[in-house]
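Trainee: Residue 107 in full-length UniProt numbering is what sits at position 107 of the sequence shown, and the numbering runs on without skipping anything.
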Amino acid sequence: MDFKAGEIFAIDKPYRVSSFGALAHVRYVLSRALGYKVKIGHAGTLDPLATGVLILCTGKATKRIEEFQGQTKEYVATLQLGATTASYDMEHEVSETFATAHITRALIDEKLAQFVGDILQTPPSYSAVKVKGERAYDLRRSGESVQLKPKQVHIEQIEVLHFDAERMRLQLRVVCGKGTYIRALARDLGRALQSGAYLTELRRTRVGAFTVDTCLDYENIQAWLDEKEI
Numbered sequence: 001m002d003f004k005a006g007e008i009f010a011i012d013k014p015y016r017v018s019s020f021g022a023l024a025h026v027r028y029v030l031s032r033a034l035g036y037k038v039k040i041g042h043a044g045t046l047d048p049l050a051t052g053v054l055i056l057c058t059g060k061a062t063k064r065i066e067e068f069q070g071q072t073k074e075y076v077a078t079l080q081l082g083a084t085t086a087s088y089d090m091e092h093e094v095s096e097t098f099a100t101a102h103i104t105r106a107l108i109d110e111k112l113a114q115f116v117g118d119i120l121q122t123p124p125s126y127s128a129v130k131v132k133g134e135r136a137y138d139l140r141r142s143g144e145s146v147q148l149k150p151k152q153v154h155i156e157q158i159e160v161l162h163f164d165a166e167r168m169r170l171q172l173r174v175v176c177g178k179g180t181y182i183r184a185l186a187r188d189l190g191r192a193l194q195s196g197a198y199l200t201e202l203r204r205t206r207v208g209a210f211t212v213d214t215c216l217d218y219e220n221i222q223a224w225l226d227e228k229e230i
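1) Under 6 Å Cβ to Cβ from Phe163, same chain only, skipping five residues before and after it: list those, please.
2) Measuring CB to CB, does Leu81 end up less than 8 Å from Thr100?
3) I want to know whether the region 41-57 touches the region 201-221 - three or more CB-CB distances under 8 Å.
4) What is the rounded straight-line gap between the Cα of Leu107 and the Cα of Ala136?
5) Secondary structure at Phe20, three-state DSSP: helix, strand or coil?
6) Since I believe Ile182 is in contact with Leu193 (beta carbons under 8 Å), could you give me their beta-carbon distance rounded to a whole number of angstroms?
7) Can you tell me whether DSSP reads Gly59 as helix, strand or coil?
8) Quick one: residues in its chain with C-beta nearer than 7 Å to the C-beta of Leu139, no 5 flanking neighbours on either side, listed in chain order?
9) Just the C-alpha distance for Thr72 and Gly117, rounded to the nearest angstrom, thanks.
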């Protein structure tokens, strides 16, 4: 393997580790093993509370990052219906609760249909979107209000994997294009159901040809290197 000429591989990003933190860990392991600081970048940020496929490119292959960012992604998301949080995931505590007695599987299927195709989606204010040069989540965490503009995204497919009507837990498989926020989809579906929703789990299972079952184990990058000819 030639990490200067460029290597492309994917890791299974762990829970509660930022994409930057995961990248820094891999860079440290590679640089220590190779004896020089490895140039490396990732293709598509995953939230700290999300897990799954994170593509890494080294050396000259970093020029292909934008190519991978534009590829189709697939997620498995678990939503809690009937409540919401400020970030639409479990980073924050529940801020509002809503009625759910009217929510049925038929209603969910009906409302999900409106999110398939080219849609306008407003990113969550707790996101990495830049506002006047600063990250939106940094502004929110410092107490400032943030107004983000909707943008067009493409959702190819949404499949209901499981619906627990007693607990109001909904599991979805979502196939989508670049820039789609699954937290925003949860928010918007909750509103469409005249209730609320937020993510309790999010796992990116595919980016282009990279699937989660072919990802490297984050904790065993050194062992993977030991097996390679460098």
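The beta-carbon is built from N, C-alpha and C at its ideal position, and this holds for glycine as well.
Mentor: For this structure:
1) Locating residue 163 in the sequence shown gives position 163, where the first residue counts as 1. Hits under 6 Å: Arg105 and Leu170.
2) Here residue 81 refers to the residue found at position 81 when the sequence shown is read from its first residue. Here residue 100 refers to the residue found at position 100 when the sequence shown is read from its first residue. Yes, they are a contact pair.
3) yes
4) Your numbering for residue 107 matches position 107 in the sequence shown. Your numbering for residue 136 matches position 136 in the sequence shown. So the two alpha carbons sit approximately 33 Å from each other.
5) Numbered from 1 along the sequence shown, position 20 holds the residue referred to as residue 20. DSSP places Phe20 in helix when its eight states are reduced to three.
6) Stepping through the sequence shown from its first residue, residue 193 is reached at position 193. Stepping through the sequence shown from its first residue, residue 182 is reached at position 182. At roughly 16 Å, the Cβ-Cβ gap does not stay under 8 Å, so Leu193 and Ile182 are not in contact.
7) One-based indexing of the sequence shown puts residue 59 at position 59. Helix at Gly59.
8) Within the sequence shown, residue 139 is the residue found at index 139, counting from 1. The answer, listed in chain order, is Val131 and Val146.
9) Start at 1 with the first residue of the sequence shown, and residue 72 comes out as number 72. Start at 1 with the first residue of the sequence shown, and residue 117 comes out as number 117. Cα to Cα, Thr72 sits roughly 13 Å from Gly117.
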